[in-house]
Every structure is written in structure tokens, then in C-alpha cells.
Amino acid sequence: MRILLLSVNSYKIYYDQLVVPFGLAGLGSYVQADGHTIHGIEMNSPPERGPDRYLKLDRELLGAIEDFRPDLVAMTTYASNIHNVLFWAFVIKDALPNVTIAVGGNHASYIGREIIETCPAVDVVIRFEGEIPFKALCDTLAAGSRRFDGVPNAVFRSNGQIAETPLVPLVPDLNALPPLRRDFFGDVHCGDHTHADVISARGCPYHCTFCNCNHYWKKKYRTISAQRVVDELRQLKAANPRLRTVRFRDEAISISRKHCRELCDCLIEANLGLEFHAHSRLDGLDDEIAARLAAAGFRQLYVGLESGSQAVLERLQKGIRFENAHRITESLRRHGIAVRFSLMLRTPGETLEEAAQTIEVPNTLDLDFDEFYFGQGIQVYPGTTDCERFLQKFPGYRWLETRDLGEGYRQVRDPFGHATAVHYDGAEYDPACLNAEISRRLAGRLARHGEHDYRAFLETRGVVDRICKRHGSVEAARRRAQALIDKLDGRGEPWGIIGDGYYYRQLLAPAVEAGCFAGYAGRAETCEISPGRPVRLDPRLRRTRTLVFALSVGRVRCAEIAHELWAAGQYGGTVILLHNWLSNADDRIETAELNPTDRVPASRPV
Ligand code: B12
Ligand code: SF4
């Protein structure tokens, strides 16, 4: 039989996170010994094609699917790609009416009936762990039957009704599964990469109210032997000589201290020269585990700390104590492991005082901005305790339909207006004050980056991140900025800068501060020329021939500032937008400064 594993993209495009679809690859690996012809297509690759494939007919993609002539198409779902999965089910069924379409994965497992009711193109939904049911499905189809009664975990149409078969127990020993094959997807997940993902366990026994990784895997925690994980890494390294970093996609690396220790010991012995990242709970960590993780090559941990308020942690049933965070942060740092804390604001029932305790966490633990992340509100995923509460308020809720909610709940919609997730903001205070509260409480930390408003800082950081990504690294972006400065100074004419904040500090300040420039006349900060204030440019800057605008505010605002300066008779030279220089990643950089379109505005009053 010909099986197509189709990894369907969502409307969110992850440019830097192309992760092997472990579920689909695992299913293919499990049934390959039965002699099937298996092919994988990764719709997330290349990422820039994503928008053309989200609820849009990409004919080239359809052509590739038709060329393969599958008998069975398997697609995995999560909340954000569900509508695209159903769209492609329809497109494929239209083109290949005899194909069987099966969907499974995290979202479909909970809404199987609704999928079968609303999408005639889907033949069968497989709920929860897939290996055993998938093999049963393949065996059924290979035997020429389309009766799914013998396939466990299935939801399907039968005699005009919707039928469900019982769930099979979880695979008792994950080591009994065949090794994961990544090459179904060609080079996308198998070529010479610098980064790879692995999984060393399935499931989580904890009770966090907002997460369904516990319920989905029946609150069981099953591990893959450390030796087997290391063997997989060794093979990955052999196939990808440039491999540098590996991220463990386990729910939390330290759920079982025994497994964690064994894994570290095996990694230490294997000495693969790789750097590891992983998610972790706070409570599994202590100095001994931190030391082992560090010795094994772990350099970054994403820790679900969620709140600085013990009362909130209790409500979220997180099962951790905030008072331990300080000791663990200190220990991880001492062992050279970078920490990334996830923090949640506006969780159900949260008060402003509780929020303040969470906002204080970066101060309490002395975290810089890349060491924590504030989420706001929760996504209500099926299978969670929070979802049970939601369904009590909205009984019979249909996940695929668009409707208005209320009482703090709202649908998250894709750009086409389709409902994907449900968002819940259950906090008891006005959301409008949150940014001001964060900016006020983190003022000292923002000031270190030359910023004063948290939201504006996040936006600026986003702009800087994108620029750095385009150039490959922050160093490369800085080198580009340095090239501009060298070129300007080389002309022997005076030049200056308008810029401040994170954008200036990250991209231009190192070049300016490193060099001794004959023509450098100084820098004006944007607050000195902000709207509504009389424009006052330092006399030294007024006399320059060129001003470099190092602002992340965009071309239009830059043009406005330039106009203000010219209109006030304060400046008559050339303005260069650093942004334009940094955007031109090719050779045009050499001529960009001379290009009239980079001068704003074209006609100048002075
Ligand atoms: C790796 C990962 C990612 C990767 C991409 C995953 C990919 N390419 O498929 C990245 C980093 C991109 C990612 C992003 C996000 N993720 Co994510 N992610 C995961 C994670 C940690 C592992 C998934 C995995 O590989 N599991 C291991 C494999 C073996 O399990 P599996 O995929 O479920 O497959 C098994 C079964 O489900 C079943 N099965 C699956 N598909 C099919 C299909 C058929 C036909 C059959 C028969 C069976 C079957 O069989 C498989 C083998 O048993 C899970 C958590 C988890 N542990 O599952 C979250 C998880 C899937 N992610 C989640 C979320 C919320 C997100 C984000 C929305 C996060 C965000 N806020 O931005 C984004 C959205 C993704 C997008 N593109 O829109 C949620 C999904 C909840 C939901 N209902 O949708 C999860 C469950 C975590 C959680 N509880 O919060 N994620
Ligand atoms: S948030 Fe983490 S610790 Fe909590 S249930 Fe989910 S995976 Fe487990």
C-alpha cells in the first residue's frame, strides 16, 4: 500500500522551528516493515510557502500528492492547523476519490465526532497514541476492506451513524517501537543540519490545569532508554556532520530523576560534542541534577515557572513552590545553563496583586529580558481541566464553528476568520493597566536597554531579531552597520546619528563605540525630537552632511522626523535609514546610500 504522511502547516509560520513531525514519522516507522511504500511531505517547508498553502490550493503541492498516488493519507492535527487539515482533506479527496484519509493527533483526538460530522472528506479519526491503531488501519486497508470496526481508537461513519471503537492501552514499552525514521520527508528533516530535535519520553503525570500533555498520554510517563536516545543522536551526528544543537521535545526533562540521571550519564560517556536544550519543571531540578545536565552538555532549559504568586501556582495546580526558584536559578547559572522562564499573567481569577508578584519575578531573580517570557491569559485546549470549566459554561461547544463567546472567553481565529483555539482571560482587573504596570515595575531593567515602555521594547526587539535573523547573527548585522559607519567616515565629512533605545544599542552602538572616527559629530536621542516638542538638534549635528537614523519605528515615522527637522530649518543634509541598509542583504548595500529612494524626503526646504 502507498502511504502519504502529510505534515500540514498552520497559519502561524515558524521560520526558525522546523521540527520533525515525530507523530507521523513514528507511524511510518512502525508500519514500514509491512512492506508499504511510505512518503512524507512537510508542508511547513519552505516556511515562506506556508501562506500559499493555508486554505489555498497550491497546485504544485497537489501535483506532488497526485504523483505519489497514495492509498492512504495520514495527517496530524493541533488546534492551529485543524482547518487546513480539513481543507487539504477535501482537496485531496476531490482529486483522488479512492484515497482513504485518516487524521489524528492532539486536537482531532478530542473532536473526532465533530470532524466526522462536518468533513465528509475525512474517513477516519484516530484518537490518542497512534501506532497500534495505525497498523490496524493499514492492515484493514491492505486487505481491501474499508470497515473500520476492527481499528481501535477510531471514529468514523458507519451506516449513516458515527461509530467509535474502544481505546487500546498505551504501548507498554516505548523501546519496543522501531527506531524513528526521519528520511520519509527527504532532506527536509534529514539533510546536513546544524540543529535536530529528539524525544526521550512521552507524557507527564502532573496536573497543570491549562495543559493537556498529561491527559493526552493518560497521565503516564514512559521513557525511551538512555542508550537508545544516545544511539539515535550518534546516527544523527553521523548523518549531519555540522550538527551543533539538539532540543529535547520531552514535556519536561527532569520528570523522572532516574531517567534524567541515566540520560546524562550516557551523554557524558558518549561525548558527542553537542549542545542540548530542553523543557523542565522547576521541582525536578536541584544542584545535583543541574551539575549532571551541565556535564552532559545541556546549555539551556525552558522552565515552566508560570507565576511569582504561590496562590496562582496552587490554582493552576502546578505543583511547584516559587520559593525554590531563586536557589535553582542560581544553581543553573553556576553550572553554565541558561534559563528561560515561562510566566503567565491574567490566569483564571488572578488579582492585580498576584500579577504584580509575577511581574516582579525578573527583579526578584535578576533576569534579563531574554530569560523570561510573559504570556497573557490561557489557551483552552480540549482535555484540560480549564476546558472542563469552559464546557460547563458553554455546553455542546463546537470547536470548528465560529461564534461569539463571553465571560472572558473568546475564539482565536485564523486570518480567514475560522475558529482555532479558545482564549480565556480570567483575571479580575482591567487589562489596560498591565503594560503600564510591567513598564513601571521593570523600569530599571528596561532602562538598561535604553527603553521605558515594555510593549514598545518587545516590538523593537522583534524588529532587531528579524534583522539579525536575516543576516544570520547579531554579529553579522553589526558588521553591516559597521560597514556603513566606515564608509561614512571614510568620506571625510561630518556625520551624526539620531537613535537610541534597544535598536541603537544592539545594532549600531558597538560600531560607534569601538571606533575612533574623525567625522563623528555625535548622537541625538529620539526623545529630543519627539512630536509636539520644539525640535532642537545639537548645533554640531546641524552642521553634519549626513545623519544616520537608527530607529526601529519604520520608514514613515522616520520621514516625519526628517520633515520636522527640515521644516524647522534645523537640518539640510542627507538622511540615511539604517533600516534600509540592513534590509539590503545583497550587494546593493554598496549603492544604497547613494540611491535617492533612501533619502527622505526627496525635496528639502533648506
Ligand atoms: C514539537 C512540538 C511543536 C513543534 C512542531 C510540531 C510538529 N512539527 O508537529 C513546534 C515547536 C513548531 C510547535 C509549535 C506549537 N505548538 Co507544539 N508541541 C510540540 C510537542 C512538544 C511535541 C509533539 C510531538 O512530536 N509529540 C510526540 C509524538 C510522538 O506525538 P504526537 O505528535 O502526538 O503523535 C502521536 C499521536 O498523537 C498519534 N497521531 C498523531 N497524528 C496522527 C495522525 C494519524 C493519522 C494517526 C493515526 C495518529 C496520529 O500518533 C502519534 C504516535 O503515537 C507537543 C507536546 C507533546 N508532547 O505532544 C506540543 C503541542 C502539540 N504543541 C502545542 C501548541 C499549543 C503549539 C503552539 C500553538 C504553541 C504556540 N503558542 O505558538 C505552536 C503551534 C504550531 C503551529 N505550527 O501552528 C500543544 C497543542 C495543543 C492543541 N490541542 O493544539 C501541544 C500538545 C503542547 C501543549 N499541550 O500545549 N509544537
Ligand atoms: S505544563 Fe508541563 S508539568 Fe504541567 S502538565 Fe503540562 S507538561 Fe506536565
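Counting from 1, position 576 in the sequence shown corresponds to residue 1156 in the working numbering; the numbering is continuous, with no gaps.
By construction, the Cβ of each residue, glycine as well, lies at the ideal position given by its N, Cα and C atoms.
What you are looking at is a predicted structure, and each value in this text was computed from that prediction instead of being measured.
- The three-state secondary structure of residue 804, taken from DSSP, is coil.
- Just measuring C-alpha positions, the residue of 814, 776, 825 and 750 sitting nearest residue 801 is 750.
- Residue 886 has 923 as its beta-bridge partners, per DSSP.
- Inter-residue distance for residue 1013 and residue 932 is about 9 angstroms (C-alpha atoms, whole angstroms).
- Contact check for residue 722 against residue 728 fails: the beta carbons are separated by 8 angstroms or more.
- Only exposed fits residue 906, as fewer than 16 other CB atoms lie within 10 angstroms of its CB.
- For residue 836, the closest of 847, 855 and 861 by C-alpha to C-alpha distance is 861.
- DSSP places residue 745 outside both helix and strand once states are collapsed to three, so it counts as coil.
- As far as DSSP is concerned, residue 598 takes part in no beta bridge.
- For residue 656, there is no enclosing alpha helix (DSSP H); the enclosing beta strand (DSSP E) has its first and last residue at 652 to 657.
- Relative to the ligand B12, even the nearest heavy atom lies 7 angstroms or more away from the CB of residue 877.
- Burial check for residue 788: the Cβ neighbour count within 10 Å reaches 16 or more, so the residue is buried.
- Residue 872 counts as buried, since no fewer than 16 other beta carbons sit within 10 angstroms of its beta carbon.
- Runs of beta strand (DSSP E) with 3 or more residues, each lying fully within the region 907 to 977, are found at 918 to 925, 952 to 956 and 958 to 960, listed in chain order.
- Shortest gap from the CB of residue 687 to any heavy atom of the ligand B12: under 7 angstroms.
- For residue 622, the pairing in a beta bridge is given by DSSP as 587.
- Placement of the Cβ of residue 724 at a distance of 7 angstroms or more from every heavy atom of the ligand SF4 is found.
- At a cut-off of 3 residues, the continuous stretches assigned as beta strand (DSSP E) that sit fully inside the region 969 to 1052 are 989 to 993 and 999 to 1004.
- For residue 1079, the three-state secondary structure derived from DSSP is strand.
- About 6 angstroms separates the beta carbons of residue 1126 and residue 1153, which is inside the 8 angstroms limit, making them a contact pair.
- Among the bridge pairs identified by DSSP, residue 735 is matched with 705 and 744.
- Not one heavy atom of the ligand B12 falls within 7 angstroms of the beta-carbon of residue 776.
- The beta carbons of residue 696 and residue 737 sit about 6 angstroms from each other, so the pair counts as a contact at 8 angstroms.
- At a Cβ-Cβ threshold of 8 angstroms, residue 1097 and residue 1065 count as neighbours.
- Taking C-alpha positions only, residue 948 is separated from residue 1024 by approximately 11 angstroms.
- A distance below 7 angstroms between beta-carbons, with the five flanking residues on each side excluded, links residue 700 to no residue of its chain.
- DSSP places residue 1100 in the uninterrupted beta strand (DSSP E) bounded by 1100 to 1104.
- CA-to-CA, the gap between residue 935 and residue 973 works out to about 25 angstroms.
- Between the alpha carbons of residue 648 and residue 607 lies a gap of roughly 18 angstroms.
- In this structure, the ligand SF4 has a non-hydrogen atom nearer than 7 angstroms to the beta-carbon of residue 832.
- Counted as a single uninterrupted DSSP element, the beta strand (DSSP E) harbouring residue 826 occupies residues 825 to 828.
- Residue 1157 sits away from residue 1115, with the two beta carbons spaced by 8 angstroms or more.
- Going by C-alpha positions, residue 814 is about 10 angstroms away from residue 821.
- The region 673 to 681 makes contact with the region 702 to 709, as at least three CB pairs between them are under 8 angstroms.
- In the displayed model, residue 833 falls within coil according to three-state DSSP, outside both helix and strand.
- Taking 7 angstroms as the cut-off, the C-beta of residue 1015 does not count as close to any heavy atom of the ligand B12.
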